[in-house]
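So the structure is just underneath, and the comments pick up after that.
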Amino acid sequence: MGFMLIGGRHWTGGYNYLLNLVQQIDRFVPDRIRPVLFFGDDLDHEDVAPFERIESAEVVISPLVNAARRRSSLMRCLLSGRDPALVSLFGACRIDVAFENAQFLGWRWRIPTIAWIPDFQHLCLPHLFTRRSFWQRELGFQAQVRSGRLIMLSSEDALQMCEAHYPGSRGRTEVARFAIWPPARPSLADSLAVAAKYGLTSPYVFMPNQFWKHKNHRLVIEALSLLKARGHRVMVAASGRQLDTRDAAYFPSIESLVKERGVSDEFRLLGMLPYADLAPLMRASVALLNPSLFEGWSTTVEEARALGVPMLLSDLDVHKEQAGAQAMYFDRCDAGALADALMALPQAPLPDDALQEAAVSEVAKARSKAFAQRFAEVAERAAAMG
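Each residue of the sequence shown is one higher than the one before, counting from 35 in our numbering.
Pasting the structure below:
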């Protein structure tokens, strides 16, 4: 099965999704799928190395999949139906099924293909997209549907939206709910030491979301302002890339709002963090917060589930599908509702509990195995479609 880097070099979520997927294939279904990763020679070796360490995976380095070539390759696929160089590359590697995301391989592409569509944000929040970016996404999805791809989605919520908006996809949609192998759960003492490194010495809520407009940081700031006016102090530690490529003014506006509301001590900006620090910071928090206006299938929610960390989530249908009774929910458009929910959280992180942690880990492992097996079923259906 052939994979290319998901979404380009700078989408951390896409990179982590692919790495996790291939790791779970290797762990649970190596007898059903042999992953072949096609990476450009423009990638840093440190980005490629984790895939090279996966026993059942093969890594192919080729300038044909460089980021700089993607646009011209896409134009060939749209205009003539395929990119002959990619056809030859995949053929030489004897690929039976291709995995396609954000890179349409063409309407004359003859290899059975799974098109993974992570979400339909442009349909739900069209005002966050320029006219050009909206139609780039929309026409890309239309092309995948009309080319007879098997469409893979991450939730029943996305499935319903796909089949309603793209009726041609009906009968060719499958759901594979993303899950992660549980990370080694750090002790509370070790986690608190990592938190202290960032100046987080008081109880805090952790919000590891990129600073994109749909992540709804403004609501959090308004809720903290309301709480401060009531005489309550709650700290939210916000990490993530401080740039929305669709709106460069967004993060500066967040900084201005923090100062205007006087909550610089309550809303801590941590910036981009080493991945190794995320699990300890989540573990040391009183809860994970995701106030998003839209999600496909949240990686941060999945990580919190795997660690057994309490969760406070916006009232999205997909959040409820993902976390169920394991989370508290609030109206994503109501700062007062979030303020009340923040006050209802525990006042300290959960203590170490070996039995409870083992139970949480076993459930997470079972979800991870189910994800790998479900993905294998989707891949086998795609192969059978010919």
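Ideal Cβ placement from N, Cα and C applies to all residues, glycine included.
Any alpha helix (DSSP H) of 4 or more consecutive residues that is wholly inside the segment 248-275
251-263
Can you grab the Cα-Cα spacing for the pair PHE138 / LEU184, in whole Å?
13 Å
Start-to-end residues for the beta strand (DSSP E) that takes in TRP150:
147-150
With a cut-off of 8 Å on the beta carbons, I'd call GLU337 and ILE255 a contact; round off their distance for me.
Not confirmed; about 24 Å, so no contact.
Output needed for PHE62: all residues of its chain with C-beta closer than 7 Å, excluding positions within five of it in sequence on either side, in chain order.
LYS403, ALA406 and GLN407
Are the CB atoms of LEU53 and PRO84 within a distance shorter than 8 Å?
yes
Keeping to the same chain, check which residues put their C-beta closer than 6 Å to that of GLY342; ignore five residues upstream and five downstream.
VAL394
List the endpoints of the continuous alpha helix (DSSP H) containing LEU193.
190-199
Tell me the rounded alpha-carbon separation between LEU123 and ALA149.
Rounded to whole angstroms, the separation of the alpha carbons of ALA149 and LEU123 is 19 Å.
Identity of the residue in ASP278, ARG415, LEU253 and LEU260 nearest CYS367 by Cα:
LEU253
If I follow the unbroken beta strand (DSSP E) through TYR363, where does it start and stop?
361-364
Span of the beta strand (DSSP E) holding SER402?
Premise fails: SER402 lies in the alpha helix (DSSP H), 388-419, not in any beta strand (DSSP E).
Can we say the segment 305-323 touches the segment 227-234, given the rule of at least three CB pairs closer than 8 Å?
yes
Given VAL292, which residues of its chain have a CB within under 7 Å of its CB, disregarding the five upstream and five downstream residues?
Hits under 7 Å: ILE255, SER298 and PHE301.
Classification of MET35 by the beta-carbon crowding that lies within 10 angstroms, buried from 16 upward
buried
Using CA atoms only, rank isn't needed, just tell me which of VAL335, GLN178 and CYS127 is closest to MET241.
The shortest Cα separation from MET241 among VAL335, GLN178 and CYS127 belongs to VAL335.
The beta strand (DSSP E) spanning MET38 covers which residue range?
36-38
C-beta atoms of ALA382 and ALA257 nearer than 8 Å
no
Thinking LEU261 and LEU376 are a contact (beta carbons under 8 Å), I'd like their distance in whole angstroms, please.
7 Å
Comparing alpha-carbon positions, which option in ASN50, ASP76, LYS249 and LEU222 lies nearest LEU159?
The candidate whose alpha carbon is nearest that of LEU159 is LYS249.
Alpha-carbon spacing of LEU226 relative to PRO237, whole angstroms
10 Å
Threshold first: 3 residues or longer. Then list the beta strand (DSSP E) segments lying entirely within the segment 302-355, N to C.
321-324 and 345-348
Can you tell which of PHE37, LEU120, ARG105 and GLU86 has the C-alpha that lies nearest to the C-alpha of LEU98?
LEU120
Going by the DSSP bridge assignment, what does GLU86 pair with across the sheet?
Paired residues: none, contrary to the question.
8 Å Cβ cutoff met for ARG211 and SER188:
yes
Out of ARG144, SER114 and GLY115, point me to the one whose CA is closest to ARG128's CA.
ARG144
Which residue marks the beginning of the beta strand (DSSP E) containing PHE73, and which one marks its end?
Counting along the chain, the unbroken beta strand (DSSP E) around PHE73 starts and ends at 70-73.
Which residue or residues does DSSP assign as beta-bridge partners of MET186?
TRP150 and GLU208
Who are the Cβ neighbours of SER273 in its own chain at under 6 Å, not counting the five residues just before and after it?
PRO242, LEU304 and LEU307
Verify whether the separation of the beta carbon atoms of MET419 and PRO146 is less than 8 Å.
The answer is yes: Cβ separation under 8 Å.
Would you mind working out which of THR164, SER181, PHE133 and GLN194 sits nearest ASP153, comparing C-alpha positions?
Of the listed residues, the one whose Cα sits closest to ASP153 is GLN194.
Taking the beta strand (DSSP E) that ALA132 belongs to, which residues open and close that run?
132-134
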